[in-house]
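Chains as they are written, first to last, in numbering that gives the first Met the number 0: chain A, 0 to 359; chain B, 0 to 337. Positions of the beta carbon are idealized from the N, C-alpha and C atoms, including for glycine. Since this is a predicted model, take the numbers as computed values, not measurements. Here's the structure we're looking at; comments come further down.
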Amino acid sequence: MAELQLSVPLGPPRRARPWIKNLFGTPGNALITMFCVLALALLAKIAIGWLLIDAVFTGTPADCKVGSGACWPFLGAKLRYMIFGFYPYEEQWRPFAALLLFLGAALVSMVPRLWSRGLLLAWLVVLIPALYILMAGGVLGLSAVPSSKWGGLPLSFMLSFIGLAAAMPLGIALALARQSDLPAIRVLAISFIEIVRGVPLISLLFLATVMLPLFMPEGVTIDKLLRAQVAIILFAAAYIAEIVRGGLQAVPKGQIEAGNALGLHYWLIMRKIVLPQALKKVIPPLVSLFIGFFQDTTLVTIIGLLDFLDTVRSALRDPDWQGIAVLEGYLFAAFVYFTFSALMGAYSRFLERYYRTTHD
Amino acid sequence: MKKSVLTVAGVAALGAMAVSAGAATLDTVKGRGKLICGVSLATPGFAAPDDKGRMTGFDADICRSIAVAVFGDGDKVDFVPTNINTRFQAVQSGEVDVLSRQTTLTYTREASLGLDFGPTVFYDGQGLMVAKSLGVASAKELQDAAICTLPGTTTAQNLSDFFRTLGAKFELVVFESPDENRAAFFGGRCQAISSDRSDLASIRAVANNPDDYILLPETISKEPLAPAVRQNDSAWRDIVSWSVWMLMAAEEKGITQANVDEKLKSEDPEIQRMLGVTDELGPMLGLDKKWGYNIIKSVGNYGEVFERNMGQGTRLGMTRGPNTQWNAGGLLYAPPIR
Chain A
0 MAELQLSVPL GPPRRARPWI KNLFGTPGNA LITMFCVLAL ALLAKIAIGW
50 LLIDAVFTGT PADCKVGSGA CWPFLGAKLR YMIFGFYPYE EQWRPFAALL
100 LFLGAALVSM VPRLWSRGLL LAWLVVLIPA LYILMAGGVL GLSAVPSSKW
150 GGLPLSFMLS FIGLAAAMPL GIALALARQS DLPAIRVLAI SFIEIVRGVP
200 LISLLFLATV MLPLFMPEGV TIDKLLRAQV AIILFAAAYI AEIVRGGLQA
250 VPKGQIEAGN ALGLHYWLIM RKIVLPQALK KVIPPLVSLF IGFFQDTTLV
300 TIIGLLDFLD TVRSALRDPD WQGIAVLEGY LFAAFVYFTF SALMGAYSRF
350 LERYYRTTHD
Chain B
0 MKKSVLTVAG VAALGAMAVS AGAATLDTVK GRGKLICGVS LATPGFAAPD
50 DKGRMTGFDA DICRSIAVAV FGDGDKVDFV PTNINTRFQA VQSGEVDVLS
100 RQTTLTYTRE ASLGLDFGPT VFYDGQGLMV AKSLGVASAK ELQDAAICTL
150 PGTTTAQNLS DFFRTLGAKF ELVVFESPDE NRAAFFGGRC QAISSDRSDL
200 ASIRAVANNP DDYILLPETI SKEPLAPAVR QNDSAWRDIV SWSVWMLMAA
250 EEKGITQANV DEKLKSEDPE IQRMLGVTDE LGPMLGLDKK WGYNIIKSVG
300 NYGEVFERNM GQGTRLGMTR GPNTQWNAGG LLYAPPIR
């Protein structure tokens, strides 16, 4: 909270309860305020009525058909399918454990004080293999579950977060390459970025799933999930590269010249001087890109991968519930997407504050 | 069932490129220990996950009977939900061993997509549904009607073909999602809704009062739905075809899941051959001698599969229509098993 108060700009001393004045200062303002309050109250009444008062909490589809409110038994019946998709029912503790492990590790990794080479190594050497073993099985007495059966939330997380994590270094490398003095590298980077940015994600996904297998020798099939993951990484990398380039250009030339004057070589200047400043500047656009990508991964439904939104949608088409519960499923999906997007947004604001108060 | 011209053109071009030599699918399937079957993701009656994520439905049961024929175990099948845009590619690339996904057998698909189709498992056709209150008993009485459909060129084309021959006008109202389409029809935005008859039955099933709506008698297109396999692997296609025909033959011979054990003692020589009591028919296709018995024991016959997934006892409440045995006036005609 201390940082928050610091960031409030100093101005003339505030009058007592200015919000009252803002809300009811003039007849016009009072009218608008009254109108908004009424509208909000009406909305809240409808929402509470539908979500709670008229809602059906236990029972069967038939009970829901009678009730006029939300149909929560639908969520109860379909929750596990919506979250885990076609993952074998008895084995669903595994994606659940993987999800918890991932979220826990991600939470720990969000603390800037813990950032170190060790943490990165722990992710690469321990966590990611552990997550993979949990999902895929085949060793340690876990039965093998092919990736075609992965679905739902773990799949969405995997595609978006692993995709972005892998795209980040690639994107930074591309951004640096684009500014390189070596023409070959620069041209390659520019062509890659412009080509990838010039086509929609869907066409890349199609390319990865439809075209690629046909160019493969017979019998060689690369996992469809992996193909989609690679497409997402490449796509994200091109966008990250452009955002990072913006950050690089915002770092004053004098910084590089100072580094040169000290006799540091290129990589050291980049790593120690330019990139830390550049990346800090681009936290907001990077995070909005991340949030966008988290939601864009729903596009994989077009190539037959069952992401979270798709499991929700297919659960809604169960004939027993069809036409009874529609909004409930979408609300649940919206709630999950909103929660994680909002968390990412909050974390981005935290990072910005953290850097503003500890440096500069 | 439906497709856009673009997709077909694209997949056709790709299909031409597809290399089709390679390992026999049966060996691949046996080596893997599982059949991989492409189905649709959520089409109630044909393929839809239950609360535990287990695939149920008519198409899923077709997959199970193939798995039973190969392994003697209907659980040795992995279902891969395929998208309508990538389903053919999934077969061509070997991602799925068989595509059992409400796919209409057509000339172009068979000729240019690098696919071979098995026998028709379900005779569907595009139909029209209206509210009873409209007072229309035949599609021919529809004049200047607004018709709700999903996108897909064949749906619209069939409608315009049909109404052009009648010299009548109609207005097409296209919705992207099935939910919107349904809601628009029930909400009175359109006088009629058009889709495959099986689909219309499931739309009708979710109406507040299904009896308010009637399916008009006209079927304006032929949609024979058939499983598809990769081209040039006739041994594998044979297995798919005969697994389907076994289901039909079992119904014709009155063999059910319940009485299949008694039928082992049947005097009928064809039943004996089907159930592997006499002759060694299974091994000719590389299958177990008792493959027919196994299919009926674990999946049932065609009629049982139909009734279980979309028949009168289910919410879809579909009648057999043309999907009855040839000797009962239907189109199901399994070649003799001998």
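Selection of the region 30-53 of chain B by Cβ proximity to chain C, strictly under 9 Å: Annotation note: the requested chain C is absent from the structure, which comprises protein chains A and B.
When you compare each of A:280, A:249, A:251, A:159 to residue 230 of chain A by their alpha carbons, which one comes out closest? A:159
Ordered along the chain, which non-local residues of its own chain (more than five positions away) have a Cβ less than 8 Å from that of residue 143 of chain A? 135, 136, 137
Nearest to residue 250 of chain A by CA position, among A:240, A:239, A:272, is which residue? Selected option, being the one with the closest Cα: A:272.
Between which residues of its own chain and residue 78 of chain B is the CB-CB distance below 6 Å, once the five residues before and five after are set aside? 36, 38, 54
Just checking my contact of residue 284 of chain B with residue 238 of chain B at CB under 8 Å: how many whole Å lie between their CB atoms? 5 Å
State buried or exposed for residue 248 of chain A, treating a residue as buried only when at least 16 other CB atoms are found within 10 Å of its CB. exposed
For chain A, is any of its Cβ atoms less than 8 Å away from the one on residue 233 of chain B? no
Mind listing, in chain order, the continuous alpha helix (DSSP H) runs of no fewer than 4 residues lying wholly within the region 30-90 of chain A? 60-65, 71-83
Beta-bridge pairing of residue 42 of chain B - partner residues as DSSP gives them: B:46
So, at 7 Å on beta carbons, what are the nonlocal neighbours of residue 295 of chain A in its own chain, with the 5 sequence-adjacent residues on each side left out? Answer for residue 295 of chain A: 200, listed in chain order.
Distance check for residue 228 of chain B and residue 155 of chain B, CA to CA, integer angstroms please. 28 Å
Chain-order list of residues whose beta-carbon lies under 8 Å from that of residue 54 of chain A (same chain, five-residue window excluded): 66, 68, 69, 70, 71
Leaving out five residues on either side along the sequence, give the residues of the same chain with a beta carbon under 7 Å from the beta carbon of residue 289 of chain A. 163, 343
Those residues which DSSP pairs with residue 55 of chain B across a bridge: B:47
In the region 254-273 of chain A, which residues sit with their C-beta less than 8 Å from some C-beta in chain B, listed in chain order? none
For residue 204 of chain A, count neighbouring Cβ atoms within 10 angstroms of its own Cβ and tell me buried if that reaches 16, exposed if not. Classification for residue 204 of chain A: buried.
When the Cα atoms are used, what is the spatial distance from residue 198 of chain B to residue 33 of chain B? 30 Å
Report the residues of the region 290-317 of chain A with a CB closer than 9 Å to any CB of chain B, ordered along the chain. 300, 301, 302, 303, 304, 305, 309, 310, 312, 313, 314, 315, 316, 317
Give the range of the beta strand (DSSP E) segment to which residue 355 of chain B is assigned. No statement about residue 355 of chain B is possible, as the shown extent of chain B runs from 0 to 337 and does not include it.
By DSSP's criteria, residue 316 of chain B is part of a beta bridge. Which residues make up the other side? Its beta-bridge partners do not exist; DSSP assigns none.
Just verifying my parser: in three-state terms, what is the DSSP assignment at residue 265 of chain A? Correct three-state label for residue 265 of chain A: helix.
Checking 8 Å against the spacing of the C-beta atoms, do residue 100 of chain A and residue 130 of chain A come in under that value? yes
Using beta carbons (cut-off 8 Å, strictly below), is residue 196 of chain B in contact with chain A? Not a single C-beta of chain A is nearer than 8 Å to the C-beta of residue 196 of chain B.
Does the pairing of the region 233-251 of chain B with the region 165-184 of chain B give three or more beta-carbon distances under 8 Å? no
Chain A contacts from the region 250-277 of chain B (Cβ-Cβ distance under 8 Å): Of all residues in the region 250-277 of chain B, none has a Cβ within less than 8 Å of some Cβ in chain A.
Should residue 333 of chain B and residue 251 of chain B be called a contact, given that it needs their Cβ atoms to be closer than 8 Å? yes
Give me the DSSP bridge partner(s) of residue 72 of chain B. Note: residue 72 of chain B sits in no beta bridge, so no partner.
Can you have a look at residue 192 of chain B and say buried or exposed, based on whether 16 or more other CB atoms are within 10 angstroms of its CB? Classification of residue 192 of chain B: buried, given that the 10 Å Cβ count is 16 or more.
According to DSSP, is residue 271 of chain B part of a helix, a strand, or is it coil? Note: residue 271 of chain B maps to helix in three-state DSSP.
Can you tell me whether DSSP reads residue 115 of chain B as helix, strand or coil? Strand at residue 115 of chain B.
Using the Cβ count rule (16 or more neighbours within 10 Å means buried), how would you classify residue 20 of chain B? No answer about residue 20 of chain B holds up, because its pLDDT of 43 lies below 50 and its placement is not dependable.
Under 8 Å between the Cβ atoms of residue 174 of chain A and residue 79 of chain A? no
C-alpha distance - residue 164 of chain B paired with residue 217 of chain B, whole-angstrom precision: 14 Å
Which value, in whole angstroms, describes the spacing of the CA atoms of residue 264 of chain A and residue 258 of chain A? If I take the Cα positions, the gap works out to 8 Å.
Among A:304, A:40, A:64, A:113, the one whose alpha carbon lies nearest that of residue 154 of chain A: A:304
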